[in-house]
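Below is one structure, written out as structure tokens, with a few remarks after it.
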Amino acid sequence: MNAFLSVRDLSVRFSTEDGTVRAVDGLSFTLERGRTLGIVGESGSGKSVTNLAVLGLHDPRTTEIRGEILLDGQEMTGAPESVLEKLRGNKAAMIFQDSLTALSPYYTVGRQIAEPYRKHTGASRREARLRAVEMLRRVGIPQPELRVDDYPHQFSGGMRQRAMIAMALVCDPELLIADEPTTALDVTVQAQILDLLGELQQETGAAIILITHDLGVVAGTVDDLLVMYAGRAVEQGPVREVLRAPRHPYTWGLLGSMPRLAASVDEPLTPIPGTPPSLLAPPPGCPFHPRCGYVSEVGGDRCRTERPGLPPGRGAACHLSEERQRSVFAEQIRPRLG
Amino acid sequence: MDDTSPRGGEPLLVAEKLTKHFPVRGGFPIKRTVGAVQAVDGIDLTVRAGESFGLVGESGCGKSTTGRLLTRLLEPSAGRILYRGEDITRASRKELAPVRSEIQMIFQDPYASLNPRHTVGKIISGPMEIHGVTPPGGREGRVRELLETVGLNPEHYNRFPHEFSGGQRQRIGVARALALEPKVVVADEPVSALDVSIQAQVVNLLQRLQRELGIAFLFIAHDLAVVRHVSHRVAVMYLGRIVEVGTRDDIYGRPRHPYTHALLSAVPVLGDWASPRERIRLTGDVPSPIAPPSGCRFRTRCWKARDRCAAEAPPLVRAPDSAEGHLSACHFPEPPTTAAAPAAR
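In structure tokens:
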């Protein structure tokens, strides 16, 4: 049986004035209903580009998409716009990071929630309005009958984010993509929103992709984790296993860079040296090798010439042997994390 | 930033009952003042020589306004600012000039805070030009030295900001702040625009500079873990007021104010499953600073609020069982532990 969402060997390239940007290169993953996949990476790692591709939101004139994206059996790459339109907002929906730019300032919140519902179900204006009120209530907006007629600027940041979630969920999508849904929010509100997403998933059984740069956010919310670097997946597995015993040097670098409340303050942070590569000319071999401290250990030119594969299920795209990955983490990395 | 004992340094930068109210204008046909955003409302704080002082709070709590008041980029509505015991609250531009060279600022956005038309050399030598300072080796020599100090290539003297990455730009901002050998640096969210791996590089740089040059830092940030990592003492702000202040260990290990407890428990933590914590879930949003709640400003979101909290604003004082210098503003302080109160949901 096929997975609910299956992405295989996806590559996304943009042509720009300066050349071709290889935003995503050979990415594969699967996601089942009722599960949450976390995609972690820094800016430019390709995490958002991947998910825009899943919804067919890239401009076909400047974007070249290869590979396979199967959403419940429907091929999304190269699908005609008419097919995509029926799916977007209905079967699959997206929550964006910045609610102030994602909501239109000219229409009331209620109208923006009702619009996709009317479009996809053919409901009347009245029914759609009732549905919008119900959605606002479900996402925890007080006095939804009144707030439905407010404009986005009358909502606070946390409430706007809730309204956006209401808009994404109005047609009961089976796939929900949340792109940095809490990055613009304060910690106390972030906790509210993450709880809300979890509760709504319990109710609807939707599959969720949570894109974030914050390993702390994924720790308590997702089932599986995919770590991306320079357009490629470098590590994947169940979230507990990845965070408890990460295997890729980049994941180690991310953990060492994060100040944590439980860590010793006497231990300095261990940043990853250098900066992420340009995607116009990504380095050959392993994309992380210019910043990696274990290139010499692998020996020869392997890291510079040979691209490491990512084992399916649990594993890391690294030339270090699995045994060595475990022992390096246990002996060198783990003690530094405090 | 290695020990948490209060530094013996003299008080360098002091705020006394510092207040900033931004007028809200409205009405027709003649606009007049109809209210005020109480961005900062009577705060006291002291940054001592050589220490790193963290100021944390959520957006809109007034932490950035505080930073701008202390550097005199904004005029306070009331209260006093003392630099080395000297009142600089109403000092004129001329009187301020020598003080300004000793108090510098690092900004959040490394893209907006550097002039795109100026070379790195011109940007970093800007403060020296303004203050008419010519160091022994000449301005260019000093700039090259500074570039090296912050970990950039001195050969990049003639490059423009767009040729650098975000982390490198922030280093340029740091070099500019160091150009006049300041005594205090006010850093307003200096790493929050950067990716995690780059953020750690800049945090380490700031820590090294603080240690080696003995500069006092006022580190303003919303990220509790970053503030804990870099600060000797920490103040927590909520809606224009300081609700708790103390050493790093006081605030993170023995917090007394319910808001501090809530903030700390809301931080997502790696390995949460290993020791599931009781989380305090604050409901609702921060009230508007135009019409803040009476009495304690946190009471509308506090699970312990009683009548007294609405009637009487709690003073910032030392709670029973708190260490000296650990002050909190709550009528009903929490027991000094990080474990969330069982009374909370």
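Taken in sequence, the protein lines are chains A and B.
Residue 139 in the working numbering is what sits at position 139 of the first sequence, and the numbering runs on without skipping anything.
Each number in the working numbering corresponds to the 1-based position in the second sequence with 1000 added.
Virtual Cβ for every residue (Gly too), placed ideally from N, Cα, C.
Since the structure is predicted, the reported quantities are computational estimates derived from the model, not experimental observations.
Query, Result
"For the region 1275–1295 of chain B and the region 1225–1240 of chain B, state whether three or more C-beta atom pairs, one from each stretch, are separated by less than 8 Å.", "yes"
"Just to make sure I have the definition right: I need the residues of chain B whose C-beta is within less than 9 Å of the C-beta of Gly216(A). Which are they?", "Ala1225, Val1267, Pro1268, Val1269, Leu1270, Asp1272"
"So, helix, strand or coil for Leu196(A), using DSSP?", "helix"
"Could you give the distance in angstroms between the alpha-carbon of Ser1231(B) and the alpha-carbon of Arg1248(B)?", "7 Å"
"By Cβ distance below 7 Å, which residues in the same chain neighbour Pro308(A) in space, the five residues on each side in sequence not counted?", "Cys286, Ala317, Cys318, His319"
"Whose C-beta lies closer than 6 Å to the C-beta of Gln1104(B) among residues of the same chain, with five residues either side of it excluded?", "Ala1177, Pro1182, Val1185"
"Which value, in whole angstroms, describes the spacing of the CA atoms of Glu1163(B) and Glu17(A)?", "17 Å"
"Identify, in the order they occur along the chain, each residue of the same chain with its Cβ nearer than 7 Å to the Cβ of Gln161(A), setting aside the five sequence neighbours on each side.", "Ser99, Pro181, Leu185, Ile193"
"Rounded to whole angstroms, what is the Cα-Cα separation between Tyr151(A) and Pro105(A)?", "7 Å"
"Can you find a CB in chain B that lies within less than 7 Å of the CB of Arg247(A)?", "no"
"Spatial neighbours of Gly1351(B) within its chain, please: CB distance less than 7 Å, with the 5 preceding and 5 following residues excluded, ordered by chain position.", "Outside the shown range of chain B (1001 to 1345) lies residue 1351(B), about which nothing can therefore be said."
"Closer than 7 Å, CB to CB, is Pro287(A) near chain B or not?", "no"
"Would Pro116(A) pass as an interface residue toward chain B - the criterion being a Cβ-Cβ separation below 7 Å?", "no"
"Is the beta carbon of Ile211(A) less than 7 Å from the beta carbon of Leu37(A)?", "no"
"Nearest-angstrom Cα distance between Gln74(A) and Glu267(A)?", "50 Å"
"Using DSSP with H/G/I as helix, E/B as strand and the rest coil, what is Tyr229(A)?", "strand"
"Measuring CB atoms only, is the region 1092–1103 of chain B touching the region 1045–1055 of chain B, in the sense that at least three cross pairs come out at less than 8 Å?", "no"
"Near Arg1048(B), which residues of its chain fall below 7 Å by C-beta distance, leaving aside the five closest residues on each side in sequence?", "Arg1007, Gly1009, Glu1010, Pro1011, Leu1012, Ala1216"
"Under a CB-based cut-off of 7 Å, is Gly158(A) close to chain B?", "yes"
"Look up Glu1189(B) in the DSSP assignment and give the residues it is bridged to.", "Paired residues: none, contrary to the question."
"Say whether chain B places a C-beta atom closer than 7 Å to the C-beta of Pro271(A).", "yes"
"For Arg1256(B), which residues from the same chain have a beta carbon less than 7 Å from its beta carbon, with the 5 sequence-adjacent residues on both sides left out?", "Glu1244, Ala1319, Ser1322, Ser1328, Cys1330, Pro1333, Glu1334, Pro1336"
"Can you check which of these residues, Met164(A), Arg125(A), His58(A), is closest to Ala79(A) by C-alpha distance?", "His58(A)"
"In chain B, which residues lie with their C-beta within 9 Å of the C-beta of His213(A)?", "Asp1195, Val1196"
"Buried or exposed: where does Lys47(A) fall if 16 or more other Cβ atoms within 10 Å of its Cβ makes it buried?", "buried"
"Compute the beta-carbon to beta-carbon distance between Arg291(A) and Gly274(A), rounded to the nearest angstrom, for a pair I have assumed lies under 8 Å.", "4 Å"
"Would you report the Cα separation of Leu1018(B) and Ala1262(B), rounded to the nearest angstrom?", "26 Å"
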